[in-house]
Amino acid sequence: MLRAAGVGAGDEVIVPAYGNVEIAEAVVLAGAVPVFADIDRASYCLDPDAVAAAVTSRTAAVAVVHRFGHPADVRRLRDVGARHGILVLEQGESDAPYDERAQRRAHAAYLSGRLGGVITPDGVEGHSYQQYVVRVPGNGRPDRDAFARAVRAKGIDCRVPVKTPVHRTPKFWRDVYLPETERAADDTLALPVDAAMSRRELQRVVSACNALGGLLQPAF
């Protein structure tokens, strides 16, 4: 998409740092420079205000990624693009058939209505819950990681969706402060919400998480 749009040497492309490195690598392969902007706290997608603040005279495009099944605010991002004369390119996520998405939404609604001690996902219309990502409140990484270990010990499959933001990796290191990106990397945890899960399995997730209260002291 970048090459087809004429993006190349001397151009900058605004990308999210919360996620995998493929988008930033694609920008480099096109000959351009990735510029990292912060994310929206609820959606984990690019924050339109942060994108607007990152625009320079060299900005050619914005690469928008819909994260975890939560749609990005494409309307506002396109408004930013129109104001500054830059392209807005969307990177979609492959998804399951409609009936599986509907089942995941039902599972997500069940979890969100019963989980305590964690911050549940924004139930915005259009969220397909490719991943059910909660936040474990506390003082940062030790709390989330301790919580994850305890949940796994109870037989619940969970994982950290983004361990290191792209702008903190050696290849793409940038001396920029992206507070929402770094906060999300510290306290997010993906809990199972597969369409094939039974009600009993969902109840086990709720019981395991609620028993921990969502807050654990860091291990020393």
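Residues in the sequence shown are numbered consecutively from 43, following this note's numbering. Idealized CB from N, CA, C, for every residue including glycine.
Where residue i falls: helix, strand or coil (DSSP)
i, result
"ALA84", "coil"
"GLN145", "helix"
"LEU233", "strand"
"GLU132", "strand"
"PRO287", "Nothing can be reported for residue 287: it is not among the residues displayed for the chain, which extend from 43 to 262."
"PRO113", "coil"
"TYR152", "helix"
"VAL247", "helix"
"VAL106", "strand"
"ALA79", "strand"
"VAL49", "coil"
"PRO139", "coil"
Residues near residue i by beta carbon distance below 6 Å, same chain, minus five either side
i, result
"ASP80", "ASP89, ALA92, LEU220, GLU222, THR223"
Straight-line Cα distance separating residue j from residue i
i, j, result
"ARG183", "ASP228", "Because ARG183 sits at a pLDDT of 49, beneath the cut-off of 50, its placement in the model cannot be relied upon, and the following sentence gives the value as read from the coordinates. Roughly 5 Å between the two C-alpha positions."
"ILE198", "ARG186", "15 Å"
"PHE78", "GLN245", "39 Å"
"VAL97", "SER240", "47 Å"
"LYS196", "ALA68", "40 Å"
"ALA84", "ARG120", "19 Å"
"ALA150", "ARG194", "19 Å"
"LEU254", "HIS126", "48 Å"
"PRO113", "ARG147", "14 Å"
"VAL248", "LYS205", "24 Å"
Own chain residues within Cβ distance below 8 Å of residue i, not counting five before or after
i, result
"ARG201", "ALA190, LEU231, ALA232"
"PRO203", "PHE110, GLN173, VAL175, THR230, LEU231, ALA232"
"SER154", "THR162, PRO163, GLY165"
Cutoff 7 Å; reference residue i; Cβ partners in own chain excluding five residues on either side
i, result
"VAL160", "VAL176, ARG177, VAL178, CYS251, GLY256"
"ARG100", "GLY52, ASP53, GLU54"
"HIS211", "According to the sequence as given, residue 211 is Thr; it is not His. VAL63, listed in sequence order."
"GLN259", "Bear in mind that the predicted position of GLN259 carries a pLDDT of just 48, short of 50, making it unreliable; the figure below should be weighed with that in mind. The answer is none, since no qualifying residue turns up."
"ARG216", "PHE78, HIS209"
8 Å contact criterion, which residue i and residue j should meet: CB distance rounded
i, j, result
"ALA102", "LEU129", "7 Å"
"VAL13", "ALA72", "Past the boundaries of the shown model lies residue 13; the chain is included only from 43 to 262, so the question cannot be answered."
"VAL106", "CYS87", "7 Å"
(request) Identify every run of the beta strand (DSSP E) within the segment 159-217, keeping only runs that are complete inside it and at least 3 residues long; order them along the chain. (result) 174-177
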